[in-house]
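Colleague:
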Amino acid sequence: MNLQPVSISSLSRKKIVNAESVFDVSAQVQPPVIRAALDDAAFSYDQLYTYTARADWSSRIRPGMRIAVPFGRGNRRRIAMVLETAQMPSAEELRFPLKPAAALLDQEPVLTDELLAIVRWLHEHTFCTWYDAVRAVLPGGLQLRLEERYIPLEPPIGVKLTQKEQNYLATLRLANSEQERDALLQCDGDPEKQSILDALAAKGCLLAVSEGKQLIQDGAVKMVRLSDAFLADATAFRPTPKQALAVKVLQEHASLSAKECAYYAGVTETVVKNLVKNGIAEYFSAELLRVPRDAVVTVPPENTVLSGQQQAAYDAVAAAILAEKAAAFLLYGVTGSGKTAVFEQLIALTLKQGRQALLLIPEISLTPQVVQYFQSRFGNRVALIHSGLSLAQRFDTDKLIRRGEIAIVIGTRSAVFAPLPNPGLIILDEEGEHSYKSEQSPRYHAAEVARMRAKYHHAALVLASATPSLESRYLAERGVYQLLRMPERYNQAPLPQVDIVDMNLERMNGNGSPFSIALSNALEENLRRGEQSILLLNRRGYHTLLQCTQCHEPVYCPNCSVPMTYHKTNGSLMCHYCGHVQPPVTKCPKCGNDRLRQMGFGTQKLEEELQALLPDARILRMDADTTMTRTAYETGFRAFAAKEYDILCGTQMIGKGLDFPNVTLVGVVSVDKALFSGDYRSYERTFSLVTQVVGRGGRGKTPGRAILQTYMPEHYVLNLAAQQDYDSFYTEELAMRRALMFPPVCDLCVIGFSGVWEDRVRAASERFLQILQETVRSTQFRLPLRVLGPVDASYGRLNGKFRRRLLLKCKNTDAMRLFIRKLLEQAYADKTFTGISVYADMNGDCGV
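Here the sequence shown is numbered in my numbering, starting from 3 and rising by one per residue.
Written out as C-alpha cells, the structure reads:
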C-alpha cells in the first residue's frame with residue numbers, strides 16, 4: 003500500500019517529515035534478524051523473541067540497543083533489548099512469518115559486550131528472566147518509558163471507516179493548535195480512544211510511532227555571562243546602578259548561575275534578566291553534575307611502611323596486576339591488620355598502569371569512612387555507587403565513568419556492574435557478608451560476578467576479610483583462590499582482651515539491667531578516661547515483644563507471622579519486615595485478655611537505660627530508625643569520629659569495617675538469638691559479627707577491651723570469636739557442614755513458593771515435588787541430588803503472602819541448572835501454580 007502524508011495545511015510539517023522517514027526503503031541491505039529480551043516478561047513466557055529489523059536502520063542495529071516491538075495478538079508495543087543479530091533465514095527455514103520491529107530506541111548500545119555476557123550468565127545461573135538480568139546491569143537512570151503517538155496520513159482510496167472513525171478524523175482536522183492535535187494523537191490510557199486510534203492505524207489513516215523517553219535527563223543549569231558585545235565595547239551600554247552591581251559580579255566571576263549572580267550582587271533576578279534583555283549579558287546552559295561529592299582536600303600519599311605480612315600480600319597481587327593476568331586471591335587478615343593500606347597501594351599501582359579499580363563494601367554505613375579515606379588520597383577520581391543514590395545521581399556517576407573521568411569506584415553490591423572500561427583490580431572487602439548476595443531477582447552473588455569480570459579483563463580479584471566465608475576458604479584450599487594471610491595487627495598491636503560474662507549469674511544475683519556489673523564498671527571507667535565505647539545490640543526498637551499473660555501469644559503483624567516490635571519514639575507497634583505500623587493494642591487479639599506484658603529490649607531501650615546509667619555521657623544511637631536519610635550515616639559517623647559522642651550504640655551496622663582509634667571498649671550486649679536463626683549459616687554469621695565488632699576496639703595507641711554478655715558462656719562459637727580464632731572455627735564448622743551435607747561441600751538450591759492463599763501455596767509446593775519425582779523417573783537422571791521438604795519457611799507469612807521452601811542439595815553444574823530451569827518451566831505451565839510465585843535461588847538463604 004502506497005501511503006502518503008496528509009496534505010492539510012493545519013497539520014505539522016514536522017510530523018509529515020517523520021512519517022516519510024519511517025517509510026524510507028532506500029537502503030538495499032538485507033535486514034537482519036533480531037533476537038531480543040522483552041521487558042516485563044513473566045517467567046512463563048520469557049524467551050528471546052525474534053523480529054526483523056526495518057531497512058532504514060538495519061545497518062545500525064547492534065546488540066545492546068533497545069527497540070520497540072509489537073507483542074501478542076494485539077501487537078501492543080513493548081520495549082525489548084537486542085541480545086543477538088543474524089542474517090535473515092531462508093523461507094524454508096522459517097516456520098512462521100516474523101514480525102518487524104517497530105522502532106530503534108537507542109542511537110548507540112547502552113550495554114557493552116562484557117555486560118551482555120553478564121546478562122547471559124545471570125539468566126543461566128540465577129534462573130531469572132532475560133530482562134531482569136538486563137535491568138540489573140543497565141547503567142542507572144538509562145531506563146526508558148515507551149511513548150506512542152500517531153502521525154496522520156491521507157486515507158487510502160476506498161477505505162471504509164466507521165462513523166466514529168470519520169468523526170475522529172474530522173475532529174483532528176478541525177484542531178485549532180498543534181498542542182490540541184498532539185493531545186488527540188497521544189495514547190493516554192483511554193480504552194475507547196485507543197481502540198479508534200488502533201483501527202485508524204490498521205486502515206492506513208494513521209501511522210503509529212514509538213519513542214523511548216529516558217526517565218533521567220542530563221542535568222543542566224541556566225548560567226549568565228557578559229556578552230561579547232559588552233566585552234568589546236562597554237561604553238556602548240548604559241546599565242542602571244543595580245545592573246552595574248551585577249556587571250561587576252560577572253566581571254569578577256566570569257560566569258554564574260542567574261540565581262548566584264543576583265545573590266552576590268544583592269539584586270533580584272529581574273535585574274539579571276534585564277541585563278540579558280539589554281544585550282549586556284547572555285544566558286547559556288552548563289552541565290550540572292548531580293554527583294554526591296564533598297569538598298575534597300587531596301592529601302599527598304603517606305609514606306606508609308608496609309609490614310612484612312602486608313608487603314607479602316601486596317607483592318602477590320601486584321605481580322598479577324603488572325602481568326595483566328586474571329588471578330583471584332583470598333586475603334585473610336585479622337581486624338586491624340592493615341588491609342586498607344594494602345588496598346590503597348594496590349589501587350595506586352593499578353591507576354599507574356592506566357586501568358581502573360573497583361572496591362566493593364557490604365554496607366552503606368561503611369561508605370562515608372571508606373570514601374573519605376580514598377578521596378583524600380585520589381581526589382575526585384573516586385565515585386560512589388549504592389542504593390541510597392537518587393536515579394539522577396546514579397545517572398551522572400555512570401556518565402562520568404563512561405567518560406573516563408572516574409578511576410576508582412567504591413560501592414555496595416550493585417556497584418559490581420559499574421561500567422568501568424578496563425578494570426585492573428576488583429576488591430570485595432568483608433567478602434563473607436551475606437549482603438553481597440541478592441535476595442531479589444536476579445539472585446546473584448557479587449563475588450561470582452566479580453570473578454567473571456576479573457577473568458574478562460585479565461584483572462586481579464581480591465576477596466578480603468577477617469572472617470572469610472566458609473565457601474571462600476574452602477575454594478582457597480582447592481586452589482581456586484590463592485590464600486594470603488595477615489594474622490597479626492599492624493605494628494604488632496595486641497588484639498582486644500575479651501571477657502565473657504555469664505548473664506545467668508547476673509540474674510541470679512538480682513541484676514535485671516541490660517548491663518552486667520563488669521560492663522557497667524568498664525563503661526564508667528572509659529568515660530572517666532575520655533575514651534570512647536561501642537555497644538552492639540542487633541535488635542532495634544524499644545520492646546521486641548508484646549505478649550499476652552493468659553494465652554502467652556505475642557501480638558503478631560496482621561500481614562506477617564512475625565511478632566511486632568514496640569517503638570517508644572513514635573508510640574507504635576511496627577513490623578520490621580513489611581513496615582506495618584499500628585497503635586499498641588490493649589487486649590490480646592487471640593483471647594481478649596487485657597493484661598499484656600512488654601518483653602525484650604531493643605536499641606531504643608538500650609539507649610534509655612544507658613543514659614540512666616551514665617547521665618553525663620553523650621550517646622549516639624545508630625540503627626535503621628535513626629539512619630533513614632541518605633546523609634544520616636555520614637553525619638553520625640563523622641560526629642563520633644570527631645569525639646562529639648562518648649558512646650556509640652546500635653545494630654550490626656556499627657559492627658564491621660569502621661575505624662575509630664579512640665574506641666577502647668566494645669560491649670556485646672546480647673547476641674545469643676543470632677545463633678538460632680534457622681539458617682545453616684547462623685553459627686558462621688554470629689562468629690563473624692562478634693569477631694568483627696570486638697575488633698573495633700584498641701585500634702589506636704591504647705589497648706582495647708571487649709565484654710561479651712551471653713546466657714551460653716560455654717558455646718564454642720562465642721568462645722572462638724572471643725579468641726579471634728578463625729582457623730579453629732573454620733575447622734569445626736566445616737566438619738559439621740560435611741556431616742550434614744551443606745555448602746560448601748555441596749550446593750544448596752532453594753525453591754521458594756509464595757501466594758496469598760495458604761492452601762494453594764501448600765498444593766503448589768507438593769505438586770512441584772511431584773513434578774520433580776516424575777521427571778527423575780522418566781529420564782535417565784544421573785545427577786547427585788537430595789531433596790528436603792517442602793516445608794513452611796521460618797516465617798510462614800510475610801507481607802500478606804504465605805511461603806514454603808523446597809531444598810535441593812546438589813552440584814551447581816550446567817546440567818543441574820538446566821534440570822532446575824526445566825522444572826520451573828513445567829511448574830509455570832501447570833494450572834496448580836496459578837497465582838503462585840515460584841523461584842529458584844542457588845546457595846540462597848533458607849532461613850527467612
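Beta carbons: idealized from backbone N, C-alpha and C, even for Gly.
Would you give the residue range spanned by the beta strand (DSSP E) that residue 707 belongs to?
Modeller: The sequence position of residue 707 within the sequence shown is 705, counting from 1. It spans 707-712 - the beta strand (DSSP E) in which residue 707 sits, taken as one unbroken run.
Colleague: Just mark residue 630 as buried or exposed, buried being the case when its beta carbon has 16 or more other beta carbons within 10 Å.
Modeller: Locating residue 630 in the sequence shown gives position 628, where the first residue counts as 1. Classification of residue 630: exposed, given that the 10 Å Cβ count is below 16.
Colleague: I think residue 103 touches residue 151, with their Cβ atoms under 8 Å apart; what is that distance to the nearest whole Å?
Modeller: If you number the sequence shown from 1, residue 103 lands on position 101. If you number the sequence shown from 1, residue 151 lands on position 149. Not a contact, Cβ separation roughly 18 Å.
Colleague: Near residue 589, which residues of its chain fall below 7 Å by C-beta distance, leaving aside the five closest residues on each side in sequence?
Modeller: Within the sequence shown, the letter at position 587 stands for residue 589. So the list reads 595, 596, once near-sequence residues are dropped.
Colleague: What does DSSP give as the partner residues of residue 665 in its beta bridges?
Modeller: Taking the sequence shown and counting its residues from 1, the one referred to as residue 665 is at position 663. Residue 665 pairs with 534.
Colleague: Among the residues of its own chain, which have a CB less than 8 Å from the CB of residue 838, if the five just before and after it don't count?
Modeller: As a first step, residue 838 is located in the sequence shown; it is residue number 836 there, counting from the start. Closer than 8 Å at the Cβ level, and outside the excluded window around residue 838, lie 755, 756, 757, 762, 763, 766.
Colleague: Do residue 593 and residue 552 have their beta-carbon atoms positioned less than 8 Å apart in this structure?
Modeller: Numbered from 1 along the sequence shown, position 550 holds the residue referred to as residue 552. Numbered from 1 along the sequence shown, position 591 holds the residue referred to as residue 593. Going by C-beta atoms, residue 552 is nearer than 8 Å to residue 593.
Colleague: Pop quiz: residue 39 and residue 83 are said to be a contact at Cβ under 8 Å. What is the actual Cβ separation, rounded to whole angstroms?
Modeller: Translated into positions along the sequence shown, residue 39 becomes position 37. Translated into positions along the sequence shown, residue 83 becomes position 81. Rounded, the Cβ-Cβ distance is 5 Å, consistent with contact.
Colleague: Please confirm if the segment 559-576 is in contact with the segment 684-698, defined as three or more CB-CB distances below 8 Å between the two stretches.
Modeller: As far as the Cβ criterion goes, the segment 559-576 does not touch the segment 684-698, which means the pair count is below three.
Colleague: Give the single residue among 156, 323, 621, 655 whose Cα lies nearest to the Cα of residue 207.
Modeller: Residue mapping note: residue 207 aligns to position 205 of the sequence shown, counting from 1. Nearest C-alpha to residue 207: 156.
Colleague: Please determine, among 334, 753, 735, the residue with the shortest C-alpha to C-alpha distance to residue 746.
Modeller: Here residue 746 refers to the residue found at position 744 of the sequence shown. The candidate whose alpha carbon is nearest that of residue 746 is 735.
Colleague: Return the chain-ordered list of same chain residues with a C-beta closer than 7 Å to the C-beta of residue 786, the five sequence neighbours on each side being excluded.
Modeller: In the sequence shown, residue 786 corresponds to position 784, counting from 1. For residue 786, where only same-chain residues beyond five positions count, the Cβ hits under 7 Å are 812, 813.
Colleague: Please classify residue 409: is it buried, with 16 or more other beta-carbons within 10 angstroms of its beta-carbon, or exposed?
Modeller: Reading the sequence shown from its first residue, position 407 is the one you call residue 409. The residue is buried, with at least 16 neighbouring Cβ atoms inside 10 Å.
Colleague: Leaving aside the five residues before and after residue 843 along the sequence, list all residues of the same chain whose C-beta is less than 6 Å from its C-beta, in chain order.
Modeller: Start at 1 with the first residue of the sequence shown, and residue 843 comes out as number 841. The residues are 445, 752.
Colleague: Reducing DSSP to helix, strand and coil, say where residue 656 ends up.
Modeller: Start at 1 with the first residue of the sequence shown, and residue 656 comes out as number 654. Reduced to three states, the DSSP call for residue 656 is helix.
Colleague: Closest to residue 109 by C-alpha separation, out of 215, 164, 200, 136, would be which residue?
Modeller: To locate residue 109, count along the sequence shown from 1; it is residue 107. Nearest of 215, 164, 200, 136 to residue 109, Cα basis: 215.
Colleague: Using beta-carbon positions only, say whether residue 332 and residue 474 come within less than 8 Å of one another.
Modeller: Walking along the sequence shown from the start, residue 332 turns up at place 330. Walking along the sequence shown from the start, residue 474 turns up at place 472. For residue 332 and residue 474, yes; Cβs fall inside 8 Å.
Colleague: Helix or strand or just coil, what does DSSP make of residue 751?
Modeller: Here residue 751 corresponds to residue number 749 of the sequence shown, with the count starting at 1. Residue 751: strand per DSSP, three-state reduction.
Colleague: Using C-beta distances below 8 Å, list every residue in its chain close to residue 87, excluding the 5 sequence neighbours before and after it, in chain order.
Modeller: Here residue 87 refers to the residue found at position 85 when the sequence shown is read from its first residue. Same-chain partners within the cutoff: 34, 35, 36, 37, 55, 63, 64, 65.
Colleague: Between 603, 464, 341, which has its C-alpha nearest residue 514's C-alpha?
Modeller: Sequence index remark: in the sequence shown, residue 514 carries index 512 (1-based). Cα-wise, what sits closest to residue 514 is 603.
Colleague: Which term fits residue 699, buried or exposed, when burial requires 16 or more other beta carbons within 10 angstroms of its beta carbon?
Modeller: By 1-based counting over the sequence shown, the position of residue 699 is 697. When all chains shown are included, residue 699 counts as buried.
Colleague: Output yes or no for whether 8 Å exceeds the beta carbon distance between residue 315 and residue 336.
Modeller: The sequence position of residue 315 within the sequence shown is 313, counting from 1. The sequence position of residue 336 within the sequence shown is 334, counting from 1. Their beta carbons are not under 8 Å apart, which means residue 315 does not touch residue 336 by this criterion.
Colleague: Comparing alpha-carbon positions, which option in 733, 738, 708, 732 lies nearest residue 724?
Modeller: Within the sequence shown, numbered from 1, the residue matching residue 724 stands at position 722. Residue 724 has its Cα closest to that of 708, out of 733, 738, 708, 732.
Colleague: Where does residue 432 fall in DSSP's three states?
Modeller: In the sequence shown, counting from the first residue as 1, residue 432 sits at position 430. Three-state DSSP puts residue 432 in coil, outside helix and strand.
Colleague: Can the beta-carbon of residue 500 be found closer than 8 Å to that of residue 673?
Modeller: On the sequence shown, residue 500 is found 498 positions in, with the first residue counted as 1. On the sequence shown, residue 673 is found 671 positions in, with the first residue counted as 1. Not in contact: residue 500 and residue 673 (Cβ atoms no closer than 8 Å).
Colleague: For the segment 314-355, list the beta strand (DSSP E) runs that are entirely contained and at least 3 residues long, ordered along the chain.
Modeller: List check, beta strand (DSSP E) in window: 329-335.
Colleague: At a Cβ threshold of 8 Å, is residue 153 touching chain C?
Modeller: Absent here is chain C; the protein component of the structure consists of one chain.
Colleague: Assuming residue 466 and residue 430 form a contact by the criterion Cβ under 8 Å, report the distance between their Cβ atoms to the nearest whole angstrom.
Modeller: For this step, residue 466 is matched to residue 464 along the sequence shown. For this step, residue 430 is matched to residue 428 along the sequence shown. With 8 Å as the limit, residue 466 and residue 430 qualify as a contact, their Cβ atoms being about 7 Å apart.
Colleague: Can you tell me whether DSSP reads residue 310 as helix, strand or coil?
Modeller: The residue labelled residue 310 in the question sits at position 308 within the sequence shown. Residue 310 falls in the helix class under three-state DSSP.
Colleague: Start and end of the beta strand (DSSP E) containing residue 150?
Modeller: Sequence index remark: in the sequence shown, residue 150 carries index 148 (1-based). From DSSP, the beta strand (DSSP E) with residue 150 extends over 146-154.
Colleague: Where does the unbroken alpha helix (DSSP H) through residue 166 begin, and where does it stop?
Modeller: For the purposes of this step, residue 166 is taken as the residue at position 164 of the sequence shown. Taken as a continuous stretch (DSSP letters only), the alpha helix (DSSP H) holding residue 166 covers 165-175.
Colleague: From the DSSP output, read off the bridge partner residues of residue 568.
Modeller: As a first step, residue 568 is located in the sequence shown; it is residue number 566 there, counting from the start. DSSP, once it has assigned bridges, lists 545, 575 as partnering residue 568.
Colleague: Alpha helix (DSSP H) containing residue 88: first to last residue?
Modeller: The residue given as residue 88 occupies position 86 in the sequence shown. That residue, residue 88, is in no alpha helix (DSSP H); its beta strand (DSSP E) goes 78-88.
Colleague: Have a look at residue 246 and residue 617 and give me their C-alpha separation to the nearest angstrom.
Modeller: Counted from its first residue, the sequence shown places residue 246 at position 244. Counted from its first residue, the sequence shown places residue 617 at position 615. Distance between the alpha carbons of residue 246 and residue 617 is about 59 Å.
Colleague: Per DSSP, residue 125 forms a beta bridge with which residues?
Modeller: As a first step, residue 125 is located in the sequence shown; it is residue number 123 there, counting from the start. In the DSSP output, where bridge partners are listed per residue, residue 125 has none listed.
Colleague: Which residues bound the beta strand (DSSP E) around residue 54?
Modeller: Sequence index remark: in the sequence shown, residue 54 carries index 52 (1-based). Where residue 54 is concerned, the enclosing beta strand (DSSP E) stretches over 50-54.
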